[in-house]
Amino acid sequence: MRLSMELELQDVPGQLLLALQPIKNARGNIISVVHHRDRKTPRGTVPVRLIVEMDRSKLEGVKKELERSGIVVVRAGEERFIEEVSVILVGHVLDSDLGDTVSRIDSTGYAEVMDLSLSMPGVDEPSSAYMKIRATGKKEMQRALEILREVGAQKKLLVIEPVEDDL
Amino acid sequence: MREVRISLIGYGVVGHGVVDVISRKRKMLRGLGLDLKIVSITDHTGTLVNEDGISGESVLSHKTLHEVANSEMSAKETIRSVNSELVVEVTPTNIVHGQPGLGHMEEALSNGKHVVTSNKGPLVVAYDKLKRLADDNGVMLKFEATVGGTMPLINLIERTLVGNTILGIRGIFNGTCNYILTRMAEEQYPFSRALAEAQELGYAEADPTYDIEGVDTAAKIVILANAIFNMNVKYNDVQVRGITEITPESLALAKKHGYVIKLIGEVPALTVRPMLVPIRSPLAVGSTLNAAAIYTDLSGTITVTGLGAGGLETAAAILSDIVSIYRTKRVDAIF
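First to last, the sequence lines map onto chains A and B. For the first sequence, full-length UniProt numbering gives the first residue as 1, with consecutive numbering after it. For the second sequence, full-length UniProt numbering gives the first residue as 1, with consecutive numbering after it.
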């Protein structure tokens, strides 16, 4: 079963390894680790999101072991985000408040930006951003893309969406 | 042997191609039972008429008809008065008012002559009217060359895929844009340099607006929407965004994550916009190629690719339309 875990780690070396050990012990298969160093919590901890392939019955044991190591388990459960879509934004992506663009997706509760990379050729040149968005279902993904189109229109960004397998 | 007398209206690159292809393929066509005879050629400088058939060699060396024209008849007069049963209309396209091609097609259809064309404008402006005129006069209006160059799309849907419900069509319909995006991705060229190269190589016009702003693709989307989906839409119903904002950096980012960026037209969505296409998708064709995915209920998704433009290639599509008119008639005759 695919499970997601949201943890908060102390910003000191070795914490991520510490967080992964109980999963390894439970024979979990780590699918992805997203380390949000840029989004520290007010307590100074670093949010980390894990996707793990693991028997659900082992989840409670893993949680307890993590907590014993001083790691905060914010949420743990079945993977909610089943849809994934890549988009590219072109224009003055950074100057038009990239943080706001991302948070308009993240604040929906049903979709979030999982991966982000930027390419900026020069100060006055248009920049490009690659984003991977995940959502809880197809409908929710369409709504998230609709938000992104609106943001694109407001901020004069070209939003390049992927072709889908079907129509 | 079925003799087909043809009036050719327009003698630019495509017109030359039509004369050349019909001349080259004479033997093969005779094998199909067709004797295609061009009996008149008209362009803005005049008309050449020969009731016995114009030989390709005698005109192909001339860029315009001026030197060999033997009549001052206008295109419409020629269509009315020359004894022909099929008009090939290949004058320059105008998607705002459709003229002069629209007038030529109306004249031909009203006079009970089949029309085969590569001219998008009249179909974008007045497809329904032209189709009705063809039906009322018991003749055919064929336009395979307007949509995807040599890529067989309309005939494929109407003939081979008959029985399928077509759920949608999505594709690359402009070879110039595809060339520019391919070069930008391959060489990290800025847009302006890739465009200049396309112009030097003759893939883009001196005024490339129609191509790069997505107008040409949108015109093709209108034709497909009307012809395949009976949508009765106009150019303004299509949401259009061209490729002028695409940067080498955005193409590099796309490539890094397994995608290419292509200008994609979609029906029935009626959109033209740059989109991310997975590198392994059959739609991820490069250079001046066109590609279209046809989504069907019975046959799944069928993808075709082909050269986007060029005189001979467009003429090949025109020839296939001409042959298909008479093949249809032959089948009709059997039943």
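Heads up, the beta-carbon is just placed ideally off N, CA and C, and yes, glycines get one too.
- The three-state reading of DSSP puts A206 of chain B in coil, since its state is none of H, G, I, E or B.
- Apart from sequence neighbours up to five positions away, the residues of its chain that approach N164 of chain B with a beta-carbon distance below 7 Å are T296, D297, L298 and S299, ordered along the chain.
- The alpha helix (DSSP H) runs of length 4 or more contained entirely in the segment 189–246 of chain B are, from start to end of the chain, 191–200, 209–212 and 215–229.
- Between the alpha carbons of V73 of chain A and E213 of chain B lies a distance of about 51 Å.
- At a cut-off of 4 residues, not a single continuous stretch assigned as alpha helix (DSSP H) sits fully inside the segment 252–297 of chain B.
- From the listed residues A:V163, A:D165 and A:L157, the smallest Cα separation to I246 of chain B is found for A:L157.
- Under the three-state reduction of DSSP output, R27 of chain A falls in the coil class, being neither helix nor strand.
- Remark: C-beta atoms of N119 of chain B and V90 of chain B approach each other more closely than 8 Å.
- Burial state of M275 of chain B is buried, judged by a 10 Å Cβ sphere holding 16 or more other Cβ atoms.
- H104 of chain B sits in a helix when the DSSP states are folded into three classes.
- By the CB criterion at 8 Å, I228 of chain B and L123 of chain B fall outside the cutoff.
- Following the DSSP letters along the chain, one finds I79 of chain B in no beta strand (DSSP E) but inside the alpha helix (DSSP H) bounded by residues A75 to S81.
- Contact of E146 of chain A with chain B is not assigned, every C-beta pair being separated by 8 Å or more.
- Under the three-state reduction of DSSP, P162 of chain A is assigned to strand.
- Residue contact check for I264 of chain B against chain A: a CB pair falls below 8 Å.
- Around the C-beta of V12 of chain A, fewer than 16 other C-beta atoms lie within 10 Å, and the residue is accordingly described as exposed.
- For P162 of chain A, the residues of chain B that pass the 9 Å Cβ criterion are Y259, M275, L276, V277 and P278, in the order they occur in the chain.
- By the C-beta criterion, the segment 132–152 of chain A is judged to be in contact with the segment 78–88 of chain A, since at least 3 inter-stretch pairs fall below 8 Å.
- Closer than 8 Å at the C-beta level to chain A, one finds these residues of the segment 155–173 of chain B: L167, G168 and R170.
- Here the alpha carbon of S7 of chain B sits roughly 30 Å from the alpha carbon of P208 of chain B.
- Interface flag for L283 of chain B against chain A is set, since a Cβ pair is found closer than 8 Å.
- Between the C-alpha atoms of T136 of chain A and L109 of chain B there is a straight-line separation of about 55 Å.
- T244 of chain B is not a Cβ neighbour of F173 of chain B, given a cutoff of 8 Å.
- For P126 of chain A, the number of other beta carbons within 10 angstroms of its own is at least 16, and it is reported as buried.
- Exposure of Q154 of chain A is indicated by the presence of fewer than 16 other C-beta atoms within 10 angstroms of its C-beta.
- Residues of the segment 239–257 of chain B with a C-beta atom less than 9 Å from some C-beta of chain A are R241, E245, I246, T247, P248, E249, S250, L251, A252, L253, A254, K256 and H257, listed in chain order.
- For L158 of chain A, the nearest CB of chain B lies under 8 Å from its own CB, placing it at the interface with that chain.
- Within the model, the alpha-carbon separation for I302 of chain B versus N226 of chain B is close to 20 Å.
- T146 of chain B and L130 of chain B have their C-alpha atoms some 15 Å from each other.
- Residues of the same chain with a CB within less than 7 Å of the CB of Y326 of chain B, apart from the 5 flanking positions on each side, are R2, V4 and L34 in chain order.
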